[in-house]
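A.B. asks:
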Amino acid sequence: MNPINVKGTHDILFADAPYYQYVRNIFSEVASLYGYSYIEPPTLEYTDVFIHSTGESSDIVRKEMYTFDDKGGRSVTMRPEFTAGVIRAMVSNKLYATHDLPLKAYYFGPAYRYERPQLGRYRQFIQAGIEAVGADSAFLDAEAVLFAVSALGIMGFKGLKVKVNSLGGKESRAAYRAALTDFFKDKIDDMCEDCHTRLELNPLRILDCKVPHDQEIAKGAPTLDKYLTEEDKARFEKILFYLNQMNVSYEVDTSLVRGLDYYGGLVFEVHGSTSKGEDLGALLGGGHYDGLLSQFGGPEDIDHGVGFAMGVERLIALLKDQGLELPESDIDCYLMPMGEDTFEACFVLAQDLRMAGFKVDMPYKAAKLGSYFKKAEKRGAKVALIAGENELKNDSIQVKNLATQEQREVKLSELLRTLDDLLSEDEPEHHCGCGGHHHEDGHCCCEDDHHHEEGQQCCCHHHEE
Ligand code: HAM
Numbered sequence: 000m001n002p003i004n005v006k007g008t009h010d011i012l013f014a015d016a017p018y019y020q021y022v023r024n025i026f027s028e029v030a031s032l033y034g035y036s037y038i039e040p041p042t043l044e045y046t047d048v049f050i051h052s053t054g055e056s057s058d059i060v061r062k063e064m065y066t067f068d069d070k071g072g073r074s075v076t077m078r079p080e081f082t083a084g085v086i087r088a089m090v091s092n093k094l095y096a097t098h099d100l101p102l103k104a105y106y107f108g109p110a111y112r113y114e115r116p117q118l119g120r121y122r123q124f125i126q127a128g129i130e131a132v133g134a135d136s137a138f139l140d141a142e143a144v145l146f147a148v149s150a151l152g153i154m155g156f157k158g159l160k161v162k163v164n165s166l167g168g169k170e171s172r173a174a175y176r177a178a179l180t181d182f183f184k185d186k187i188d189d190m191c192e193d194c195h196t197r198l199e200l201n202p203l204r205i206l207d208c209k210v211p212h213d214q215e216i217a218k219g220a221p222t223l224d225k226y227l228t229e230e231d232k233a234r235f236e237k238i239l240f241y242l243n244q245m246n247v248s249y250e251v252d253t254s255l256v257r258g259l260d261y262y263g264g265l266v267f268e269v270h271g272s273t274s275k276g277e278d279l280g281a282l283l284g285g286g287h288y289d290g291l292l293s294q295f296g297g298p299e300d301i302d303h304g305v306g307f308a309m310g311v312e313r314l315i316a317l318l319k320d321q322g323l324e325l326p327e328s329d330i331d332c333y334l335m336p337m338g339e340d341t342f343e344a345c346f347v348l349a350q351d352l353r354m355a356g357f358k359v360d361m362p363y364k365a366a367k368l369g370s371y372f373k374k375a376e377k378r379g380a381k382v383a384l385i386a387g388e389n390e391l392k393n394d395s396i397q398v399k400n401l402a403t404q405e406q407r408e409v410k411l412s413e414l415l416r417t418l419d420d421l422l423s424e425d426e427p428e429h430h431c432g433c434g435g436h437h438h439e440d441g442h443c444c445c446e447d448d449h450h451h452e453e454g455q456q457c458c459c460h461h462h463e464e
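Quick note: the sequence shown uses numbering that gives the first Met the number 0, first residue 0, plus one each step.
Given below as structure tokens:
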């Protein structure tokens, strides 16, 4: 059989895994700083879950879903996004009856869209995101943007573009829809077939059309800001005020409408491009929504939410482009059995060291010492443990510091302490749980000096001064 993967999917291989781990760890860390709990709805939902929430007029629902009938004849869909499934799970489990509001949930996992694969665009991709549901507050809206910007900062990104806009409430959006319908009605004959459907279902979607000729026409369309009610304007200004207070740099983009139907009020995206200027598209997108809980039979009086999702592959492509290097798997010690007769003792010793918390590996068949050292180097080992027959008989082992090349014989009873000393010399005194490489001179990549005073804790752990 031909060992090819399904078009638009990709294998996460050994060398990529640390990057996924890195993003996931920082995302979870930031989620706990903001008081979010982990949620994981199933990959597969009944198709209705997405049709009535993500939206009948969205490209995702109309063209991109992996939908099929299961063997019982029920239409099911591989989730194209998390929001609908998370809200469905909150209602199915009545989380609002057992937990304080807002319900703050974060997630990490694969989503599926039948899109044309290209740079940063896959058919299976990973999203990391949040949803805060059950309260309506400009603070909560601003917090979603702050969460996103802080997480990206801690991951080490610089110079990203944050775009925000307000779609307004129902009244504003209805007025804007009417204005768009009016604007496009005598131009539509000249536009793509999809735009014909969009004009009927939701003229806002015409603004997302990717056909260059249609985009040119859409440039002359009225902008949404002119149709916001006073109340919606005041809400948006409040959010912007909070973002200013927190020194978040953003740009108000009145053409930002987002491609999903559930949004109302704040919408936002963060964009980035590689050093070669390749546009990776949005690194993340999100916004405020009302009415999703009740779509699933949940209570109407608390029916508000805000959230966003990041595309993890896009983040990783940009992190690599910005020079972040993470080792495939680094070990502390490489254990080198000298001769067949020492293998069993080494096998036992490796287990003891691992249970004491050291990352240890060893060969499984005998080879020359030179090749052991090559393997140790390749694996990023800091210490080589050379187990000769004579030393083992003597309850000792040769310990070589691979950075300084110093070598000495150590009693096995002293080995744990010796390794502790050797390996802690290697690390900075205080080091940040998110990798250490993204802060220089005691400054965290997030550059939010309010997070950490000199020698104090950074939001993502300890820092050296
Ligand atoms: P979205 O804009 O459709 O929003 O997707 C969020 C992010 O997922 C995008 O900004 C992008 O980084 C990534 N993404 C989307 N499609 C692909 C793809 N084919 N390949 C790679 N990455 C992709 C949502 O999904 C909303 N549920 C976000 C949200 C949460 N809004 C409120 N709460």
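Think of the CB as a built atom: it goes at the ideal place given N, C-alpha and C, for glycine as much as any other residue.
Is the separation between the beta-carbon of residue 129 and that of residue 107 shorter than 8 angstroms?
C.D. replies: It is not a contact, given that the beta carbons lie outside the stated cut-off.
A.B. asks: Taking 7 angstroms as the cut-off, is the beta-carbon of residue 294 closer than that to any non-hydrogen atom of the ligand HAM?
C.D. replies: No, Cβ of residue 294 sits at least 7 angstroms from all heavy atoms of the ligand HAM.
A.B. asks: Report back the beta-carbon spacing between residue 383 and residue 335 to the nearest angstrom; my notes put them in contact at under 8 angstroms.
C.D. replies: The Cβ separation is near 6 angstroms, so the contact holds.
A.B. asks: Less than 8 angstroms between the C-beta atoms of residue 137 and residue 257, yes or no?
C.D. replies: The answer is no: Cβ separation not under 8 angstroms.
A.B. asks: Kindly indicate which three-state DSSP category residue 81 falls into: helix, strand or coil?
C.D. replies: Note: residue 81 maps to coil in three-state DSSP.
A.B. asks: Determine the closest residue to residue 40 out of 49, 87, 5, 6, with distance taken between C-alpha atoms.
C.D. replies: That would be 87, whose Cα lies nearest to the Cα of residue 40.
A.B. asks: Considering only the beta carbon of each residue, do residue 180 and residue 211 sit closer than 8 angstroms?
C.D. replies: Not a contact, by the Cβ cut-off of 8 angstroms.
A.B. asks: Please report the straight-line C-alpha distance between residue 50 and residue 81, rounded to a whole angstrom.
C.D. replies: Going from the Cα of residue 50 to the Cα of residue 81 covers about 13 angstroms.
A.B. asks: Near residue 61, what residues of its chain come up, given a Cβ to Cβ distance below 8 angstroms and the 5 sequence neighbours on each side ignored?
C.D. replies: Hits under 8 angstroms: 55, 196.
A.B. asks: Mind checking who residue 66 pairs with in its DSSP beta bridge?
C.D. replies: Per DSSP, 76.
A.B. asks: Given the structure, does residue 82 come close to the ligand HAM, in the sense that its CB is under 7 angstroms from one of the ligand's heavy atoms?
C.D. replies: Under cutoff, so the answer is yes.
A.B. asks: Which residues bound the beta strand (DSSP E) around residue 400?
C.D. replies: Note, residue 400: beta strand (DSSP E), 395–400.
A.B. asks: Please state whether the Cβ-Cβ distance between residue 104 and residue 33 is less than 8 angstroms.
C.D. replies: For residue 104 and residue 33, no; Cβs fall outside 8 angstroms.
A.B. asks: In its own chain, which residues sit with a C-beta less than 6 angstroms from the C-beta of residue 474, not counting the 5 before and 5 after it?
C.D. replies: What the structure shows of the chain is the stretch from 0 to 464, and residue 474 is not part of that stretch, so it cannot be assessed.
A.B. asks: How many angstroms separate the CA atom of residue 16 from the CA atom of residue 153?
C.D. replies: One C-alpha to the other measures close to 19 angstroms.
A.B. asks: Alpha carbon to alpha carbon, how far is residue 198 from residue 213? Give it in angstroms, no decimals.
C.D. replies: The straight-line gap from Cα to Cα measures roughly 13 angstroms.
A.B. asks: Among the candidates 183, 269, 225, whose CA atom is the shortest distance from the CA of residue 160?
C.D. replies: Residue 269 is the option with its Cα nearest to residue 160.
A.B. asks: Beta carbon of residue 345, beta carbon of residue 316: below 8 angstroms?
C.D. replies: Not a contact, by the Cβ cut-off of 8 angstroms.
A.B. asks: Which of the three DSSP states is assigned to residue 289 in this structure?
C.D. replies: The answer is strand: DSSP assigns residue 289 an E or B state.
A.B. asks: Would the beta-carbon of residue 121 be found less than 7 angstroms away from any heavy atom of the ligand HAM?
C.D. replies: Yes, the Cβ of residue 121 comes within 7 angstroms of a heavy atom of the ligand HAM.
A.B. asks: For a test of your reading of the model: does the CB of residue 264 fall under 7 angstroms from any non-hydrogen atom of the ligand HAM? Yes or no.
C.D. replies: Residue 264: no, Cβ never under 7 angstroms from the ligand HAM.
A.B. asks: Does any heavy atom of the ligand HAM sit closer than 7 angstroms to the C-beta of residue 166?
C.D. replies: No.
A.B. asks: From residue 207 to residue 114, what distance separates their C-alpha atoms?
C.D. replies: So the two alpha carbons sit approximately 15 angstroms from each other.
A.B. asks: On the CB-based measure, 16 or more other CB atoms within 10 Å of its CB, does residue 375 come out buried or exposed?
C.D. replies: Under this definition residue 375 is a buried residue.
A.B. asks: To test your reading of the DSSP string, which unbroken beta strand (DSSP E) runs of 3 or more residues are found completely within the region 250–276?
C.D. replies: Fully enclosed beta strand (DSSP E) runs of 3 or longer: 262–272.
A.B. asks: Is it the case that the CB of residue 284 approaches a heavy atom of the ligand HAM more closely than 7 angstroms?
C.D. replies: Correct: residue 284 has its Cβ closer than 7 angstroms to the ligand HAM.
A.B. asks: According to the Cβ coordinates, are residue 175 and residue 226 closer than 8 angstroms?
C.D. replies: A contact, by the Cβ cut-off of 8 angstroms.
A.B. asks: Under 8 angstroms by Cβ, that's how I've got residue 143 and residue 131 pegged, so tell me the actual separation to the nearest angstrom.
C.D. replies: Right, the Cβ-Cβ distance comes to about 7 angstroms (below 8 angstroms), so this counts as a contact.
A.B. asks: So if DSSP puts residue 336 in a beta bridge, which residue, or which two residues, is it bridged to?
C.D. replies: Residue 336 pairs with 386.
A.B. asks: Let's test the definition: count the other Cβ atoms within 10 Å of the Cβ of residue 25 and tell me whether it reaches 16, buried, or not, exposed.
C.D. replies: Label assigned to residue 25: buried.
A.B. asks: Check whether the Cβ of residue 114 sits closer than 7 angstroms to any heavy atom of the ligand HAM, and report yes or no.
C.D. replies: Answer for residue 114: yes, Cβ within range of the ligand HAM.
A.B. asks: So what does DSSP say about residue 176, is it helix, strand or coil?
C.D. replies: Three-state result, residue 176: helix.
A.B. asks: Please return the same chain residues whose Cβ sits closer than 7 angstroms to the Cβ of residue 357, not counting the five positions on each side in sequence.
C.D. replies: So the list reads 331, 332, 418, once near-sequence residues are dropped.
A.B. asks: In three-state terms, what does DSSP make of residue 439?
C.D. replies: Annotation note: pLDDT 41 at residue 439 (below 50); position unreliable, coordinate value reported separately. Strand, per DSSP.
A.B. asks: Is the CB-CB distance between residue 388 and residue 337 below 8 angstroms?
C.D. replies: Yes, the Cβ-Cβ distance between residue 388 and residue 337 is below 8 angstroms.
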